[in-house]
Amino acid sequence: MRWTLPNILTVLRLLAAPGVAVMFLYFNRPWADWFALVLFLGAAVTDWFDGYLARSWKQESRFGAMLDPIADKAMVVIALLVIVGYSSMSPWLVLPATFIVFREVFVSGLREFLGADARLLAVTKLAKWKTTAQMVAIAVLFLQDVFLHHLLNRGGGLVADDGWLAWGHDVTGNLGLALLWVAAALTVVTGWDYFRKALPYLKDAPR
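Position one of the sequence shown corresponds to residue 9 (this note's numbering), numbered consecutively onward.
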């Protein structure tokens with residue numbers, strides 16, 4: 009493995025995934041929400057930069073190709089676990105999160121089973137849009153929690169304009185939930201597409 013800048017960015021994104029959850033162990037809210045949001049956004053940006061730099065500088069590697077989707081999945085799954093865990097467990101949030109986590113595990117299992125034939129399940133453009141929708145939705149939902157806990161702590165003099173905070177909380181909550189359902193729909197569609205491609209390899213040979 010070569011320690012190129014694209015590979016370093018991918019490794020940092022992978023390490024940032026559990027870091028999002030760790031923020032809530034060492035910091036009080038809303039600072040934990042702020043730090044998790046900043047860390048998640050920073051990691052999400054590297055998702056675009058590492059691939060772009062690897063192609064531009066001709067530094068694409070097997071290590072980067074292997075680790076990139078793992079880092080993406082780790083970021084999404086861990087962030088969703090944190091968001092759902094600190095939510096009111098609304099089914100409107102839990103259901104799309106469940107679809108997303110199930111699909112990621114299912115497709116990873118398909119790729120592992122196919123082995124050398126896993127190239128048939130190469131990342132499609134729609135799958136890239138799916139990942140983008142997931143990351144935007146998660147970032148907006150983290151921002152909703154920032155608004156919520158500034159509202160709860162308004163007595164501490166953080167921000168006095170409760171009306172603006174309440175408006176921001178409502179907008180980010182509704183927008184984040186809508187984007188998460190869009191991401192879940194794309195997740196199901198791409199998951200079915202991968203399953204359809206893998207189906208011929210899952211059939212037993214005639215005896």
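Cβ atoms here follow ideal geometry from the backbone N, Cα and C, with glycine treated the same way.
| What is the C-beta distance between Ala-191 and Gln-142, in whole angstroms, given that I count them as a contact (C-beta under 8 Å)? | 4 Å
| Beta-carbon gap between Pro-14 and Ala-62 smaller than 7 Å | yes
| said: Tell me whether the region 51-60 and the region 93-106 touch, counting them as touching only if at least three CB pairs, one residue from each stretch, are closer than 8 Å. | reply: no
| task | Mind reading off the beta-carbon distance from Val-144 to Leu-194? Whole number of angstroms is fine, and I expect it under 8 Å. | result | That belief does not hold up - the Cβ atoms of Val-144 and Leu-194 are roughly 12 Å apart, past 8 Å.
| The alpha helix (DSSP H) spanning Arg-119 covers which residue range? | 99-122
| said: Am I right that Ala-147 and Phe-48 are in contact with their C-beta atoms under 8 Å? What's the rounded C-beta distance? | reply: 6 Å
| field | Boundaries (first-last residue) of the alpha helix (DSSP H) holding Ser-64 | value | 39-64
| query | Using a beta-carbon distance below 7 Å, is Lys-205 in contact with chain D? | reply | The chain labelled as chain D is not found in the depicted structure, where only one protein chain is given.
| task | With a threshold of 16 other CB atoms inside 10 Å of the CB of Met-83, please say whether the residue is buried or exposed. | result | buried
| query | Are Ala-105 and Leu-118 closer than 7 Å when you measure CB to CB? | reply | No, the Cβ-Cβ distance between Ala-105 and Leu-118 is not below 7 Å.
| request: Have a look at Leu-134 and Pro-38 and give me their C-alpha separation to the nearest angstrom. | output: As the crow flies, the alpha-carbon of Leu-134 is around 34 Å from that of Pro-38.
| query | Thr-12 lies in the alpha helix (DSSP H); which residues open and close that run? | reply | Per DSSP, Thr-12 belongs to no alpha helix (DSSP H) and is neither H nor E.
| message | Suppose contacts are defined by Cβ-Cβ distances below 7 Å. Is Asp-76 in contact with Thr-140 by that definition? | response | Contact flag unset, no.
| Along the chain, where does the alpha helix (DSSP H) that runs through Leu-210 open and close? | Taken as a continuous stretch (DSSP letters only), Leu-210 belongs to no alpha helix (DSSP H), as it is neither H nor E.
| Which whole-angstrom value is the C-beta distance of Ala-44 and Phe-155, which I expect to be below 8 Å? | Contact doesn't hold; Cβ gap of about 14 Å is too wide.
| query | Going straight from the alpha carbon of Val-131 to that of Thr-198, what length do you get? | reply | 9 Å
| query | Below 7 Å between beta carbons: does that hold for Ala-24 and Phe-32? | reply | no
| request: Could you pull out every residue in the same chain whose Cβ sits closer than 7 Å to the Cβ of Thr-180, ignoring the five residues on either side in sequence? | output: Val-148, Leu-151, Gln-152 and Phe-155
| Pairwise C-alpha distance: Ala-73 and Leu-122 | Just so you know, the alpha carbons of Leu-122 and Ala-73 end up roughly 17 Å apart.
| message | Considering just the uninterrupted stretch of the alpha helix (DSSP H) at Phe-268, what are its terminal residues? | response | This structure does not reach residue 268, given that the chain is present from 9 up to 215, and the question cannot be answered.
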